[in-house]
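Peer 1:
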Amino acid sequence: MATAEIDVPREGLPTLADANRDISRPISTPYGRYWILLGICGALIAAAGVAWTIQIRDGMGVAGINNPVNWGVYIVTFVFWVGIAHSGTLISAVLYLVRSGWRTTINRTAEAMTIFAVMTAGLFPLIHLGRVWYFYYLVPYPSTRLLWPNFRSPLVWDMFAIGTYFTISLVFWYLGLIPDLAVLRDRFTGIKKRLYGAFSLGWQGTVRDWSHYRRLYLYLAGIATPLVLSVHSVVSWDFAMGIVPGWHSTIFAPYFVAGAIFSGIAMVITITIPLRWAFGLEKYVTTYHFDNMAKLLLLTSLIVGYAYGMEYFLAWFSADPIEQESFRWRATGFYAGPFWIMVFCNVVVPMSLWFKRTRNSLKALFVISVLVNIGMWYERFVIIVTSLAHEYDPSAWQVYTPSLTELTIMVGSFAWFFFWFLLFAKTLPTISIAEVKEHLAHEHEHGNGH
Amino acid sequence: MSGILAQFETLGATRQAIERLRAEGHSELDVFSPIPAPELEEALGIVASPVGRWALIGGATGFLTAVALTGLTALAYPLVTQGKPILSWPAYFIIMFEMTILFTGLFGFLGVLHHTRRPGRLSAHYRPTFSVDRFGVFVRAAAGSDQRDVEALLRSTGAVEVEVSA
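So the protein sequences, as listed, match chains A and B.
Counted from 1, the first sequence has number 209 at position 209 by this note's numbering; the numbering is strictly sequential.
Counting the second sequence from 1 gives a position; this note's numbering is that position plus 1000.
1. Just reading off the beta strand (DSSP E) that I1004 of chain B is part of, what are its end residues?
2. Taking the CB atoms as reference points, tell me whether G1108 of chain B and A1060 of chain B lie closer together than 7 angstroms.
3. Just how far apart, CA to CA, sit A266 of chain A and I1004 of chain B?
4. What first and last residue would you give for the beta strand (DSSP E) that runs through L1029 of chain B?
5. Run the CB neighbour count on D1149 of chain B, radius 10 Å, all protein chains shown included, and call it buried at 16 or more, exposed below.
6. Would you decide whether N20 of chain A is buried or exposed? Buried here means 16 or more other CB atoms lie within 10 Å of its CB.
7. Please list the partners that R1121 of chain B has in chain C, where partner means a Cβ-to-Cβ separation under 9 angstroms.
8. Indicate whether the contact test is met: 3 or more Cβ pairs, each with one atom in the stretch 113-131 of chain A and one in the stretch 185-204 of chain A, closer than 8 angstroms.
9. For T1065 of chain B, does the three-state DSSP call read helix, strand or coil?
10. For G1144 of chain B, which of helix, strand or coil comes out of DSSP?
11. Which residues in the same chain have their Cβ closer than 8 angstroms to the Cβ of L220 of chain A, if we skip the five residues on either side of it in sequence?
12. DSSP three-state call for E1041 of chain B: helix, strand or coil?
13. Can you tell which of A:I383, A:N292, A:V372 and A:Y284 has the C-alpha that lies nearest to the C-alpha of L13 of chain A?
14. Take L229 of chain A and list the residues in its own chain whose beta-carbon comes closer than 6 angstroms to its own, dropping the five residues that flank it on each side.
15. Are the CB atoms of I1095 of chain B and P1116 of chain B within a distance shorter than 7 angstroms?
16. Identify the continuous beta strand (DSSP E) that holds E1163 of chain B and give its terminal residues.
17. Taking just the CA atoms, how far does I1086 of chain B sit from T225 of chain A?
18. Listed from N- to C-terminal order along the chain, which residues in the stretch 149-161 of chain A have their beta-carbon within a distance smaller than 7 angstroms of any beta-carbon of chain B?
19. Should G412 of chain A go down as buried or exposed, given a rule of 16 or more other Cβ atoms within 10 Å for buried?
20. At the level of alpha carbons, what is the spacing between H442 of chain A and M60 of chain A?
21. At the 7 angstroms Cβ level, is R215 of chain A part of the contact set with chain B, yes or no?
22. For L275 of chain A, tell me which candidate among A:E435, A:Y34 and A:L371 has the shortest Cα-Cα distance.
23. In the DSSP assignment, find the alpha helix (DSSP H) that holds N346 of chain A and state where it starts and stops.
24. State the DSSP-derived secondary structure class of T206 of chain A, mapped to helix, strand or coil.
25. Report buried or exposed for Q204 of chain A, applying the criterion of at least 16 other Cβ atoms within 10 angstroms of its Cβ.
26. What number of angstroms, rounded off, separates the C-alpha of L155 of chain A from the C-alpha of F239 of chain A?
27. If you draw a straight line from the alpha carbon of D7 of chain A to that of V234 of chain A, how long is it in whole angstroms?
28. Only counting the same chain, and skipping five residues up and downstream in sequence, which positions put a Cβ closer than 6 angstroms to that of E1009 of chain B?
29. Against chain B, which members of the stretch 276-306 of chain A pass a CB distance test of less than 8 angstroms?
30. R215 of chain A and V1132 of chain B: beta carbons closer than 7 angstroms?
31. Note down, in chain order, all residues in the stretch 1058-1072 of chain B with a beta-carbon under 7 angstroms from any beta-carbon belonging to chain A.
32. Residues of the stretch 1002-1020 of chain B with a CB closer than 8 angstroms to any CB of chain A: list them in chain order, please.
33. For V268 of chain A, list the residues DSSP reports as bridge partners.
34. Measuring alpha carbon to alpha carbon, tell me which of A:F327, A:F80, A:D320 and A:L298 ends up nearest G309 of chain A.
35. Mind pulling the chain B residues with CB within less than 9 angstroms of K193 of chain A?
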C-alpha cells in the first residue's frame, strides 16, 4: 500500500481510543433526520404490506404476470437482491484471503448489506407463491404421505443455497461483531451495557480467545468464497435449466456471479458515501477505499459487458433461428428500452472509471453507482421477461407490463432493506473497530506499518 | 487468586514482558489484548487452534447428512421425474456442497464457543481498558519475594499500571 494514497496525515493518525470513540459515536448521538428516514421506510413497507394482503386475498391476478410471462417483477427483484447480497461476502471473505488491507473499513457495512439483502430477497419467492401458506413444501420434512422435495429441481437447490448463504453470512458477521460488542459493553452503562454484554457473550479478548477467533474467521472466509460463487450460480440455474431461448446457456453461472458482484459493489458505494458523511467517518473511509471499490466496479463492468457480447455471439454461433430471434427481439423489440438502459448503465457509464478523477470524486461515484444499480435491475428484467415473452411459438408470444401491486411491493422491498440498514447503522458499529485498531496499532508501532 | 496484573500500551512491550516472564518460569499467564495479535500468540507458545478439527467434523457431518437426505428420500418415494435416474447424484451434489459448508461454519462456531468457554462471565482480572487500547498480563505469583520480583520485571518492561492482588 502506498502511504501517499491515504489522505490521513501520519501525525493525524487516530489512536486506538479515537477509533473506539469515533466509530461508536453514532450509537449514542441522536439524529432527528434518522427518525424521519425510518418513518418513510416504515410507511413504504406498510404500503407494500397492503399490496401483498390484497394479492393474497384476490389471487395472483392482481399481478401483471400472464402466460407465457409468468415470472415478472417479483422474480426480477428477487434476483436483484440476491445479487446485492454478493459483495458483502466478496469483500469480507475474498479480500481477506488475498490480504487486501483496504477492506477493513468497509467489510462490516458490506456484510450487513448482505444479510439484509438476503432477508429482502427471501421474501420474493414467498410473495410470488399463489398460495403462500404452502411455502413449507420446499422444506424437507417427514410428512405423513412420505412425500419429499424433488432434489433434482433448481428451486430446491436454490432454497438450500440461499438458506446456507444467509446462515453462514450471519455467523461470519456476528463473529466479527463479538469483539466490537465487547467494546460497546465497556463504553455504555445501564440497559445498553447489559444488552451489548449479553450479545458479546462475555468476550474478554484473551490472546488464546483471539487465536480461536482468528482461526474460525480464516475458515469462514475460506468456505464463504466457494459458497458465494455457488449461490448465484444456483440462482442462474433456475433459468439455465429451462429450455427457454435466452436462458438455456452454459455461460449463465459465471455471467450471473460477475453481475452479482458488480451490483453488490455498486450498492456498497451507494450506501457508504452517505453513511460516511452522516456519521463523520471521513478519517476511516477515505478516497483510497473508494478508489479501490471503483476499480473493482470497473473490472466487473468489463466482465459483465463481455458476457453481454458473448451471449450474442453464442446466439449467432448456435445457428439456431429461435435463439437468434430471441436475441434480435431483445435489442429491437418491445423491450428495447430496458435493454438499452441496461447497456448504457452497466457498460457505458462505468467506463468513466478509467479516469482517476472520476474515481476520486465522491459525487461522480455516487451517481455512477446508482446508475449501475438501476442498470442491474433492468438486466434481470431483460433476461427474465424478454426471454419468456418471445419463446418458440409465435402464437404464444405476449408482452408483460408490471401492475401497480407489483411495483408497490418492489418499492417496499427497497424500504424494507433500508429500514434494516438504518437500524443497524444506529445500534452497531458500522466499521469493524477491532480490525481498524489492529491496523492502527501496527501503523503506530512500525512507522508506516509495512 | 494471588497474582499481579500489569497493563501495557504497546504490542512490543507486551511481547517482551511475556517472553521474559516465560524465561523466568512463569508459564501460566492470562494475556488480554484489544486486537488480534499473532505476535503475542507466538510469544505465549500457543499452537494452532483446534477449531479447524471442529470445522472438519462439521463438514463431514453435513456432507453425509446430505447424501442420506437426498439418496434415502429418493429411494423412499421412487418417482421418476424429468426422466432422470432415481439416484441423480450430479444434481444431489449441489445439496451436498451447500450442507457441507453450512455444517462446517456452524460446527466451527460451536468450536470457538467451546474453546473460549463463552458465553460466560468476565474474568476477575479483566479491565474495561482491555477493549480500548491496553494489553493486560496477569501473572500468578505467591505473595512475598516472588511477587516483588515479578513486579520489578513488569515495570522494567514498560508496564504503565501494576495491580497486586493478595
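A virtual CB, placed ideally from N, CA and C, is assigned to each residue, including glycine.
Because the structure is a prediction, the values reported are computed rather than measured.
Peer 2: In short, the structure shows the following:
1. Per DSSP, I1004 of chain B belongs to the beta strand (DSSP E) from G1003 to F1008.
2. No. Outside cutoff.
3. Approximately 52 angstroms, taken between the alpha carbons.
4. Its beta strand (DSSP E) spans residues L1029 to F1032.
5. Exposed, since its Cβ has fewer than 16 Cβ neighbours within 10 Å.
6. Buried: at least 16 other Cβ atoms inside 10 Å.
7. Considering every chain present, this structure includes no chain C. Its protein chains are A and B.
8. Contact fails: fewer than three Cβ-Cβ distances are below 8 angstroms.
9. Of the three classes helix, strand and coil, the one that applies to T1065 of chain B here is helix, per DSSP.
10. Residue state, collapsed to three classes: coil.
11. For L220 of chain A, same chain residues with a beta-carbon under 8 angstroms away, outside a window of 5 residues either side, are A93, I168, V171, F172 and L175 in chain order.
12. DSSP places E1041 of chain B in helix when its eight states are reduced to three.
13. Selected option, being the one with the closest Cα: A:Y284.
14. In its chain, beyond the 5 residues on either side, V257 have a beta carbon closer than 6 angstroms to the beta carbon of L229 of chain A.
15. The sequence shown places Thr at residue 1116 of chain B, rather than the Pro named in the question. In this structure, I1095 of chain B does not lie closer than 7 angstroms to T1116 of chain B by Cβ.
16. Here the beta strand (DSSP E) through E1163 of chain B covers E1161 to S1165.
17. Whole-angstrom Cα-Cα distance: 31 angstroms.
18. Those residues of the stretch 149-161 of chain A that come within reach of chain B (Cβ to Cβ, closer than 7 angstroms) are N150, F151, R152, W157, F160 and A161.
19. Taking all protein chains shown into account, G412 of chain A has 16 or more neighbouring C-beta atoms within 10 Å of its C-beta and is therefore buried.
20. Spanning the two alpha carbons is a distance of roughly 59 angstroms.
21. True, the Cβ-Cβ gap to chain B drops below 7 angstroms.
22. The shortest Cα separation from L275 of chain A among A:E435, A:Y34 and A:L371 belongs to A:Y34.
23. For N346 of chain A, there is no enclosing alpha helix (DSSP H), since its DSSP letter is neither H nor E.
24. Assignment of T206 of chain A by DSSP, reduced to helix, strand and coil, places it in the strand class.
25. Result: buried.
26. Distance between the alpha carbons of L155 of chain A and F239 of chain A is about 10 angstroms.
27. No answer about D7 of chain A holds up, because its pLDDT of 39 lies below 50 and its placement is not dependable.
28. For E1009 of chain B, where only same-chain residues beyond five positions count, the Cβ hits under 6 angstroms are V1160.
29. For the stretch 276-306 of chain A, which is checked against every Cβ of chain B, not one residue is closer than 8 angstroms.
30. It is not a contact, given that the beta carbons lie outside the stated cut-off.
31. Within the stretch 1058-1072 of chain B, the qualifying residues are L1069 and T1070.
32. Taking 8 angstroms as the cut-off between beta carbons, the residues of the stretch 1002-1020 of chain B near chain A are T1010, L1011 and G1012, in sequence order.
33. Paired residue(s): none; V268 of chain A is not in a bridge.
34. Nearest option by C-alpha distance: A:F327.
35. Within 9 angstroms Cβ-Cβ: nothing; K193 of chain A doesn't reach chain B, min ~10 angstroms.
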